[in-house]
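In what follows, a single structure is set out as structure tokens and then discussed.
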Amino acid sequence: HESELAKRLEGLRAEYESKRTSQVSGVEEEERVAVQRHQRETAAKMRQLESDRKIKLEAEQKEREQKLEDDMKAEQEKLKSGLEQRRTERLALIQEEVENAKEEMEKEMQRALQKQRAEVEDA
């Protein structure tokens, strides 16, 4: 009877060890699969972060380029406006000088006519 119990006990131990080994092996496999899944997910997240960072940098670069372009256009408009203003001012000065010269010529002509009349009257 004892030998039967010993055999049965040995059989149970062997079955327990087999199941335990199988469970450990299954847990190890699950852990390995989980680690691989985590590595794949981490790699995908890293790729996404890198992609997002690249997109953000490109957007910032485009924004800087657009701001520079806008600033350049504004500066050109300011220069153009300044040139037009100076041109207008110069034209106004020239026109004023022309008007003054006309007035002077008219006065000269009036004096010359008066002088001529005076000479005619004297003669």
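In terms of our numbering, the sequence shown opens at residue 2 and continues consecutively.
All residues carry an ideal CB built from backbone N, CA and C; glycine is no exception.
Looking at the structure shown, is H39 part of a helix, part of a strand, or coil, going by DSSP?
Along the sequence shown, one-based indexing puts residue 39 at 38. Note: H39 maps to helix in three-state DSSP.
Grouping DSSP H, G and I as helix and E and B as strand, with all else coil, what is A124?
As a first step, residue 124 must be located in the sequence shown, where it is residue number 123. The answer is coil: DSSP assigns A124 none of H, G, I, E or B.
Please report how far the alpha carbon of G83 lies from the alpha carbon of A75, in whole angstroms.
For the purposes of this step, residue 83 is identified with residue 82 of the sequence shown, where counting begins at 1. For the purposes of this step, residue 75 is identified with residue 74 of the sequence shown, where counting begins at 1. So the two alpha carbons sit approximately 12 angstroms from each other.
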